[in-house]
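**Student:** There's a structure below that I have some questions on.
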Amino acid sequence: MIVHQDHINARKLQSEKKNDTDTRKALTDTDSNVTISLVDNPVIQTPPIEQSQTHASSMTKTIQTTVNDFLQTSESAEHSGLESPLTKIQDDVNKILVKLDELSLGKAKNDTGSTKETASIDDIKAANNMMELISSDKLEIELLDDGCKITCRACMEFVKANPYMKISVANRSWGHGHVYKKDKMELFQKGSNQEWYSFKSTLCEHMCCSSTRGGGQFHMSALQYKFKVERRNARNKAVMINLVNAGIEVCKMKAAASHFESIIALLCICQAEVGNYGHGRNQFSDIVKAAYIYILDQTSSYLREPLRSTGLPPHFSVAIDKSIPHRDTNQAIMVIMPYDGFRISMPVDAPLVYESSEDGSITGGTGQDLAEQVVDILTKKLHLTAKDLSRLRAVHADGQYQANTFQDKLLELLGAYHQPDPYFLLPWDVSHWMDIVMVHLREESDSSEFLKRLIKRSNKMHTMFQRGRGHVEYIGLANRLGLKALETVTFSTTRFTSSSYEQWEKIYTSYKALMTAFMEGREAVEDDCEEAKYQVRGQDYVIDLCGTLDIMKPAIVLMVRSQSLNLPPWKIVKWLPRVTGILEKMKEEIIGIEEGRVERPSQDLFPKLHLHWDTIKDREEDEDTEERGTFQDIPLLVGWLIVGQETISEQPRQGDKRGRKQTVYNWNARTSDECLSDLAVLCRNLKNGLETRFNDVVGQNVRNMGKMFDLESLVCGLCSFAYENGSLKIQLEEREMWELSGNFEFSVFFKHVCQLPYVRELVTQSATLNLLPHCSNLVYRNLKNTLRAMVWQGLGHCADQMFLDENNDAVVEFSNSQLLKMECVDGPGVMDQWFLLHFSSCSTITARVNEEFITSAFYTNEEVVESLGQEMCICLDVCLAGSSCEAIVEGFYSVIGAHKKSGGQSNQSLAQRAIVDWTLPHPAACPATIEEIAKMYKDGNEEHQLPRHRDPVFTDERQRSIHKYFVSKVVDRVSSHVPRCPHVLHEQDK
C-alpha cells in the first residue's frame, strides 16, 4: 500500500511538470534546419536522481533555444566576416552545456563527473602533428589507397542513429568523414606548417561546438545525443545490476523464486532503481543461470592460468559422491584447486545418475557410467582438454567408488590405464573407511554387545526428555537450579560415528540435570521406572559412559580432522600410529587397574574417568547397600540389568477356564571390574580394526609421500640444529641424517614428475631448469634449506606464523628475539607433534607447526618461492594436489538440501542454485562480479541456452503508456495484495 501512495505522489509531481515538458522545443541547426529531439524523459518511475537530471536538462535546452532564436537577428554580422558578441556568447553557452551534460552523465554513472570532452579538446590543441592526434578516442582515422579519411566519432554515431535526417554538406563531412590526399597527410604528419594549423583549427572549432564554423553546432547536437544515450545506458545498467543483486540475494537466502518479486517490491519502496521490466519470478532462474555460467567461465579460466610459483596451470583433484537430495539420484562433482596456497572447493554440476531410455529401460548408475559422467562434466562444463585433464592428480570418493569398474574406466578415459601413474590417487576417503571400522565395532566385534547396551541406555535419556512434558520438566528444573542442560539427541546409526558421539558428550555434560529431573519427576511418582532407574543411574552405566568417551576420543578426533579440505593425503600415515599407540597404552592401563598394579586411570589417557574415579569405584562400605557412590553429586545404584525373561503358566483358579501367565525377569548386576574388562576389550578391538583397515587401504605411494613432504617431520629434523655464537650449528652425524632422509623416495617421485608431458615441454623451453631425474637431490635440498632458513634465519619474515602456541596464537617471539634451540615434546592434543622453542630472551614456548600457513607460503611468499626454486614448487603442487577429502561433497549436499522446495523443482535448477549459493559471497562483497553477471544476463549465452534480456527500463518519450502501471505489473500486483487483517493497517493504507 505504501508503494501505491508513493507513486501517486510521483505522478502528481510529473503532472506539475507536464506543462514544461509539452512546451519543449527542438534544437534547430543553423546550417540544415534539422529538428533534433534532445529530451530523454522517462515516464514511468522517475527516481530523485533522474528527476534532477531531467530538470537540469530542460533548463539547459530552454537556454539554448532562447539563444538560438535571438541569434537569428545577427546573421548579417556572421556573413560580414566579423564575429558577433552574441556568437561568442553562444559558443561559451555550448561549452557550459557540454560540461553540464558530462556532469549529469557522471552522476548517473556514480562517477566523479570529470569533463572528458574538455580534456580531449586540450589534448587536440596541444598536438604538434597528426601522430600525436591519432591517440585521441574522439576521432576515427581510416587509411585509404590514395589518402586518409578522418571522422568525428560522435557525429558519425549521430548520423547513423538518424539516417533519414537532412544534413548540410558542411555537417555531413564530419559525420561521414573528411578525405585527405597523401600529400596533405604527409604535411599533417610533419606538423608545424600552415596546412596542419588550418586542419587543427577547423577540428578545434568543431570539437569546441562553435556555433558558426566547423559544423560545431552539429557536433553540439551529436554530443547531446551521445550523452542522452549514455545516460539511458547507465540507468539500464544500474537497474540491471539491482535486479541481479536481488536475484543473488534470494538465492543466498535459500528462498523460493516467488520471493524475488517481493524483494523487487521492497527495493522499490526503498527508492532503489528497479526499472519496469524483468520483475517476474520466471526471471529469477535466468539470473541464477547467468551467475552459474559466469562461475564456470571463471573456474575454467583459472584452471588454465599459470601459477606464479610454478609457471604451470594448477594441478587439481576432484571430489565426487552420489546421493538423493530431492526426488532423483544425482552425482555431485567438485573440483579442488589451490588458491593462494589454500585448497578451495568448486562444485561444477550434479547431473542425474539414472535416465529412462525410449524402450522404458533404466540406464546409468554403473561404475563405467559414473566415471564417464565425471570426465564428461569436466570436459563440457569447464572445457578442459586432454592436456588439462593430465593435471588431475586425485579423485576423492567413498567406498562405492572403490570398485574396479569405476577406477579402470576412469583411468582409461584419462589415458592412464595402459601407462599407470603411481602417484595418481584414488583414495578411499579416510573418514569413510574409519566409520566402517566403527560400524564393524558396533555390529560385529566382541564389543558389539557392550556398545549396543550403552547406546540403548543412552537413548533412554532422549526418549524421556526430548519433547513434550518431559522436556519441560528437564529444562524447567535445570533453569530453576542453575544446572547446565543441553538438548538431548539420539544415537544415529546412519550418520558418521563422529557425529553420533555427540550424544554421549551431551549426556556427560547434562547428567546432573537429567538425573535430577528423572528422580523428581518420574522415579518418585511412577511405578514403571524400576528398570529405567538402573539403566540410567547404574554405576556400570557411568563407568561405561566415561570410559567409552575417553577411549573413542582419539579416533573421533582423527575422523574429524581427516575431513579437512587442506589435509594432505599422507597425514593419515603420521596420525594413525599415534592413535593406535594411545589405544594400546589405554588397554595396558585398564588391565593394570584390574590386576591392582595401577591405582586409578591416568589423567592423560582417561581425563573423564580419572576425574570421577574416586567417587564411582566400588567401596567396601557400599557392599551391603544398593547405592554405589556418586557421579556429579547424583547417587548411583548397583548395576542391575535385565538379561532375560521367562513366561510361567500358573494353575487355573476356580472359575477360570484358562490359566494365568506371569512374566519373570532375570536380573544381573555388573561390577566395576566387569566394566573395566569391557573397556579393555573395546580398546583392543578398536586398535585392531583401525590397523587392519589402514593396511588394506593406504598404499605405499602415500606412505612414501609422507616420508618426503610431511612438514611436521621435516621440522622435527630441525631440532638437530642450534644457534650458538651467532651461527647455526649441528653435529656431523645428525647433519648426514638430515640431508639423506627422504632422498631415495624423492628421487623416485621426481623421476616421475620429470616424465610428465607438460613438464618435459617446459624443460625444452628453458635450458636452466633442473627438471631432470639426476637433479633430484639438488631439488630436494632446496626444500630442506628453505624450511631451515624460514625457522632459523627469518626467510620470508613468516617464522612467527609458522608455529601456533597452545592458544592457537602465532608465536610473535620470533619477531622479538632469536630462536636458540627447539626440541620435540609431548603436548596437548592427540594428533600434533609439539615443540619446545627456546629464545634468546630466555622465554620458552610450547608450540605446534602451522602446516596450512607454510603450504600457503610455498605459493605466495616471493622470498620462499625463490628459495624453493621452480622445480620444487612444481613438485609440491603435484603432490599437494591430492589434498582434500570426500566429506566436502557432503557439505555441498547439505546446501542442496537447504534449497530443496516442494513442487516441480528440477534437478538442474536445484544444482545451479546450490552452486551459486556455495561459490558467491553476499552481493555487497562483490559488486564488480555482480556487474559482470548482469552483463551475462543481458547479453545471454547461446552455448548454455541462456536467452538475451531486454533493457529493464521502459523509455516512452511521448508518454503513450504513462497511465498503464505505477512501476511494473509485478510491483503493482504485490503492492495491491489484499491483506488478511485490514484492521491493523493505517487508514491511508486501507
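Residue numbers (the numbering used here): 144 to 1133. Ideal placement from N, C-alpha and C gives every residue a C-beta, glycine not left out.
#1: Starting from residue 647, follow the alpha helix (DSSP H) in both directions and report where the run begins and ends.
#2: Which first and last residues belong to the beta strand (DSSP E) in which residue 471 is found?
#3: Given this structure, state the Cα-to-Cα distance separating residue 559 from residue 537, to the nearest angstrom.
#4: How would you call residue 955, buried or exposed, if buried means at least 16 neighbouring beta carbons within 10 angstroms?
#5: Does the separation of the CB atoms of residue 946 and residue 993 fall below 8 Å?
#6: Count the other C-beta atoms from every protein chain shown that fall within 10 angstroms of the C-beta of residue 406, then say buried if there are 16 or more, exposed otherwise.
#7: Using 8 Å as the threshold, is the C-beta distance between residue 922 and residue 1018 below it?
#8: Nearest-angstrom Cα distance between residue 976 and residue 1052?
#9: Suppose the cutoff is 8 Å on Cβ atoms and the five residues either side in sequence are ignored; what does the same chain contact list for residue 402 look like?
#10: Among the candidates 292, 296 and 845, whose CA atom is the shortest distance from the CA of residue 321?
#11: Use the C-beta contact count for residue 610: other C-beta atoms within 10 angstroms, 16 or more gives buried, fewer gives exposed.
#12: Taking the continuous alpha helix (DSSP H) assigned at residue 1034, which residues delimit it?
#13: Leaving out five residues before and five after residue 684 in sequence, what residues of the same chain have Cβ atoms less than 8 Å from its Cβ?
#14: Going by beta carbon distance, what residues of the same chain come within less than 6 Å of residue 427, once the five residues before and after it are set aside?
#15: Measuring straight from C-alpha to C-alpha, what distance separates residue 622 and residue 686?
#16: Pull up the distance between the alpha-carbon of residue 999 and that of residue 843, whole angstroms please.
#17: Work out the CA separation of residue 1039 and residue 496 for me, nearest whole Å.
#18: From residue 636 to residue 647, what does the alpha carbon distance come to, in whole angstroms?
#19: Does residue 482 come out as helix, strand or coil in the three-state DSSP assignment?
#20: Flag this pair as yes or no: are the beta carbons of residue 525 and residue 491 separated by less than 8 Å?
#21: Hey, would you say residue 855 sits closer than 8 Å to residue 717, going by beta carbons?
#22: Say whether the stretch 460-467 touches the stretch 1006-1018, bearing in mind that this needs 3 or more beta-carbon pairs closer than 8 Å, one atom from each stretch.
#23: Can you list the beta strand (DSSP E) stretches of 3 or more residues lying completely in the stretch 701-777, in chain order?
#24: With respect to the alpha helix (DSSP H) encompassing residue 402, which residues constitute its N-terminal and C-terminal limits?
#25: Using CA coordinates, which residue listed in 984, 476, 682 and 521 is at the minimum distance from residue 1033?
#26: Taking all protein chains shown into account, do 16 or more other C-beta atoms lie within 10 angstroms of the C-beta of residue 286, making it buried, or fewer, making it exposed?
#27: With a threshold of 16 other CB atoms inside 10 Å of the CB of residue 730, please say whether the residue is buried or exposed.
#28: Report the rounded CA-to-CA distance for residue 885 versus residue 681, giving the unit in angstroms.
#29: Put residue 861 into one of helix, strand or coil per three-state DSSP.
#30: To the nearest angstrom, how far is the alpha carbon of residue 181 from that of residue 388?
#31: Could you tell me the boundaries of the beta strand (DSSP E) in which residue 870 lies?
#32: Applying the 10 Å Cβ sphere with the 16-neighbour rule, what's the burial state of residue 265?
#33: What does DSSP give as the partner residues of residue 324 in its beta bridges?
#34: Ends of the alpha helix (DSSP H) at residue 1073?
#35: If residue 1010 sits next to residue 929, beta carbons under 8 Å apart, how far is it from one beta carbon to the other, in whole angstroms?
#36: Just to confirm the assignment, what range does the beta strand (DSSP E) spanning residue 397 have?
**Tutor:** For this structure:
#1: On the sequence shown, position 504 is the one that residue 647 refers to. That run of the alpha helix (DSSP H) goes 640-661.
#2: For the purposes of this step, residue 471 is taken as residue 328 along the sequence shown, with counting starting at 1. That residue, residue 471, is in no beta strand (DSSP E); it is neither H nor E in DSSP.
#3: Translated into the one-based positions of the sequence shown, residue 559 becomes position 416. Translated into the one-based positions of the sequence shown, residue 537 becomes position 394. Approximately 12 Å, taken between the alpha carbons.
#4: Residue numbering aside, residue 955 sits at position 812 when the sequence shown is read from its first letter. Exposed, because fewer than 16 other Cβ atoms sit within 10 Å of the Cβ of residue 955.
#5: Position 803 of the sequence shown holds residue 946. Position 850 of the sequence shown holds residue 993. Cβ distance < 8 Å, so residue 946 and residue 993 count as in contact.
#6: Residue 406 sits at position 263 when you count from the first residue of the sequence shown. With 16 or more other Cβ atoms within 10 Å, it is buried.
#7: Here the question's residue 922 lines up with position 779 in the sequence shown. Here the question's residue 1018 lines up with position 875 in the sequence shown. Contact flag set, yes.
#8: Residue numbering aside, residue 976 sits at position 833 when the sequence shown is read from its first letter. Residue numbering aside, residue 1052 sits at position 909 when the sequence shown is read from its first letter. Approximately 47 Å, taken between the alpha carbons.
#9: As a position in the sequence shown, residue 402 is number 259, starting the count at 1. Excluding residues within five positions, the ones whose Cβ falls inside 8 Å are 393 and 396.
#10: The count along the sequence shown starts at 1 and reaches residue 321 at position 178. The shortest C-alpha separation from residue 321 is found at 292.
#11: Residue 610 sits at position 467 when you count from the first residue of the sequence shown. Exposed is the call here.
#12: Position 891 of the sequence shown, counted from the start, is the residue given in the question as residue 1034. Start and end: 1030-1042.
#13: Translated into the one-based positions of the sequence shown, residue 684 becomes position 541. Closer than 8 Å at the Cβ level, and outside the excluded window around residue 684, lie 597, 600, 678 and 782.
#14: Counting from one through the sequence shown, the residue named residue 427 turns up at place 284. Cβ neighbours of residue 427 beyond the five flanking positions: 390, 400 and 403.
#15: Within the sequence shown, residue 622 is the residue found at index 479, counting from 1. Within the sequence shown, residue 686 is the residue found at index 543, counting from 1. Approximately 27 Å between the Cα atoms of the pair.
#16: In the sequence shown, residue 999 corresponds to position 856, counting from 1. In the sequence shown, residue 843 corresponds to position 700, counting from 1. Approximately 26 Å between the Cα atoms of the pair.
#17: In the sequence shown, residue 496 corresponds to position 353, counting from 1. In the sequence shown, residue 1039 corresponds to position 896, counting from 1. Approximately 16 Å between the Cα atoms of the pair.
#18: Locating residue 636 in the sequence shown gives position 493, counting from the first residue. Locating residue 647 in the sequence shown gives position 504, counting from the first residue. The straight-line gap from Cα to Cα measures roughly 14 Å.
#19: Looking up residue 482 in the sequence shown gives position 339. It is a strand residue.
#20: Looking up residue 525 in the sequence shown gives position 382. Looking up residue 491 in the sequence shown gives position 348. Contact: yes.
#21: Numbered from 1 along the sequence shown, position 712 holds the residue referred to as residue 855. Numbered from 1 along the sequence shown, position 574 holds the residue referred to as residue 717. Yes, the Cβ-Cβ distance between residue 855 and residue 717 is below 8 Å.
#22: no
#23: 770-774
#24: Locating residue 402 in the sequence shown gives position 259, where the first residue counts as 1. Segment 401-412, the alpha helix (DSSP H) holding residue 402.
#25: To locate residue 1033, count along the sequence shown from 1; it is residue 890. The shortest C-alpha separation from residue 1033 is found at 476.
#26: Looking up residue 286 in the sequence shown gives position 143. Residue 286 should be labelled exposed.
#27: Translated into positions along the sequence shown, residue 730 becomes position 587. Classification for residue 730: buried.
#28: Taking the sequence shown and counting its residues from 1, one reaches residue 885 at position 742. Taking the sequence shown and counting its residues from 1, one reaches residue 681 at position 538. Their Cα atoms are separated by approximately 54 Å.
#29: One-based indexing of the sequence shown puts residue 861 at position 718. Helix, per DSSP.
#30: The residue you call residue 181 lines up with position 38 of the sequence shown. The residue you call residue 388 lines up with position 245 of the sequence shown. With a pLDDT of 33 at residue 181, under the threshold of 50, the modelled position of this residue cannot be trusted, and the question is left open.
#31: As a first step, residue 870 must be located in the sequence shown, where it is residue number 727. From DSSP, the beta strand (DSSP E) with residue 870 extends over 870-872.
#32: Along the sequence shown, read from residue 1 onward, the residue named residue 265 stands at position 122. Exposed.
#33: As a first step, residue 324 must be located in the sequence shown, where it is residue number 181. Answer is 290, bridged to residue 324.
#34: Numbered from 1 along the sequence shown, position 930 holds the residue referred to as residue 1073. Looking at the DSSP string, the run of the alpha helix (DSSP H) that includes residue 1073 is 1070-1082.
#35: Numbered from its first residue, the sequence shown carries residue 1010 at position 867. Numbered from its first residue, the sequence shown carries residue 929 at position 786. 4 Å between Cβ atoms; contact.
#36: Within the sequence shown, numbered from 1, the residue matching residue 397 stands at position 254. Note, residue 397: premise wrong, no beta strand (DSSP E); not H, not E.
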